[in-house]
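Numbering (this note's numbering), first residue to last: 921 to 1318.
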């Protein structure tokens, strides 16, 4: 924290008073008792950046970050020379106005903002403190590898709860609440005012897939909580921390969560031996409905992408790399709810290939449920089998 001048001490005292007062209000609005006080303070931009960097280092290894970057490259979602880690740190530093740290049970605010304007942010972060006191957020800090879709869904519950509560806090003077608003996700495409644009330069320069991933937990999470509140109230939201959402599909379609429609587990065999000595499996993950929406909407219209990604049942995506040449090979197998959903996804994915590679050349396929393309990144094979679609991208000539 910065030097202890009288002005700083007065500011700290104000923050502590505001924290105590707002914690009481959040506790009432959310119907969860504050089990202990919450420590609070401020951090400078460079201190916040440091927190973000150490957060990255605690939760992921440099190899994992590099594999995630390569997966984004393989799907054509970021340029080949994209500096993923540096960009994410810059992006998160720009976006953070305050944060709650489960490890030390503290709330920190950005020291460059005015306290009055920060009250909604404080409400959001204090709800994280209450979640932590009641539902233990630390259990979500170490994710098992390879299920990014479930991780994103739980993250959406955590952020959606805090975002919905922040809306209720802001709507309270007008005697409104979030259940009276149209779905929060319906305002997410609105353009930003110029003043906001200036403060969001990094966000606005981000590749669309990263931008959408960053806002998903807040926007779609809040929409999910909004639906839950209409049906089951805040009790239902609290219960969801025990009956956790299992997929982004459940976040996007509340009724699938309510019906406990679970994702199908898909496991692809490791084919590195078939590929040859220099090939290595470097990443495996689940795309999920939201992931497939991102992968498709990069190259085809959002509406078509949304429709083709709906009906997702389960998937696994595995990335291989050639240690000598750096060539990437991507395999993903997805299972769909119906044969129609699978066929629709195959069509959308075929369209994506032709939009992504202007020079994609269709080659003869053995059956009518197959498609083969020659592209500058190698061959792409698509195969439809009943309710499944297999995609192999970047196959070397041999």
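Ideal Cβ positions, reconstructed from N, Cα and C, are used throughout, including at glycine. Note that the structure is predicted; figures quoted are calculated from it, not measured.
What would DSSP say about residue i, mapped onto helix, strand or coil?
i	result
residue 1278	coil
residue 1075	helix
residue 1218	coil
residue 1258	coil
residue 1231	coil
residue 952	coil
residue 997	coil
residue 1101	coil
residue 1011	helix
residue 1164	coil
residue 1066	coil
residue 1157	helix
residue 925	coil
residue 1093	helix
residue 940	helix
residue 983	helix
residue 1316	coil
residue 1119	helix
residue 1271	helix
residue 1082	helix
residue 1002	coil
residue 958	coil
residue 1131	helix
residue 1247	coil
residue 1126	coil
Taking the beta carbon of residue i as the centre, do at least 16 other beta carbons fall within 10 Å, making it buried, or is it exposed?
i	result
residue 1205	buried
residue 963	buried
residue 930	exposed
residue 1207	buried
residue 1027	buried
residue 1059	exposed
residue 914	The structure shown does not extend to residue 914, since the chain spans only 921 to 1318, so no value can be given for it.
residue 1304	buried
residue 1234	buried
residue 867	A question about residue 867 goes unanswered here, because the residues of the chain that appear run from 921 up to 1318.
residue 1209	buried
residue 979	exposed
residue 1245	exposed
residue 996	buried
residue 1072	buried
residue 1217	buried
residue 1032	exposed
residue 981	exposed
residue 1283	exposed
So who's on the other strand from residue i, going by DSSP bridges?
i	result
residue 932	Answer is none; residue 932 lacks a bridge partner.
residue 1252	1237, 1311
residue 1290	1303
residue 1207	According to DSSP, which records beta bridges pairwise, residue 1207 is partnered with nothing at all.
residue 963	1030
residue 1298	1295
residue 1242	1199
residue 1283	1292
Looking at residue i: is its Cβ nearer than 8 Å to the Cβ of residue j?
i	j	result
residue 951	residue 1069	no
residue 1299	residue 1310	no
residue 1136	residue 1076	yes
residue 1186	residue 1236	yes
residue 1049	residue 958	yes
residue 1085	residue 1047	yes
residue 1270	residue 1296	no
residue 991	residue 1313	no
residue 1122	residue 1011	yes
residue 1276	residue 1213	no
residue 1242	residue 1198	yes
residue 1182	residue 1159	no
residue 1087	residue 1098	yes
residue 1042	residue 1018	yes
residue 1053	residue 956	yes
residue 1200	residue 1240	yes
residue 1228	residue 1169	no
residue 1104	residue 1142	yes
residue 1004	residue 988	yes
residue 1009	residue 985	no
residue 1251	residue 1188	yes
residue 1294	residue 1281	yes
residue 932	residue 969	no
residue 1102	residue 1057	no
residue 1039	residue 949	no
I want to see whether chain D comes within less than 8 Å of residue i, judged by CB atoms only; does it?
i	result
residue 1249	In the displayed structure, chain D is absent; only one protein chain is listed.
Within 7 Å: the Cβ of residue i and any heavy atom of the ligand COA?
i	result
residue 1202	In the structure on display, the ligand COA does not appear, and there are no ligands present to speak of.
Beta strand (DSSP E) runs contained entirely in the segment 1013 to 1064, provided each spans 3 or more residues:
Runs of the beta strand (DSSP E) inside the segment 1013 to 1064: 1018 to 1021, 1026 to 1030.
Restricting to runs no shorter than 4 residues, where is the alpha helix (DSSP H) found entirely within the segment 1167 to 1204?
Fully enclosed alpha helix (DSSP H) runs of 4 or longer: 1168 to 1172, 1174 to 1178, 1192 to 1195.
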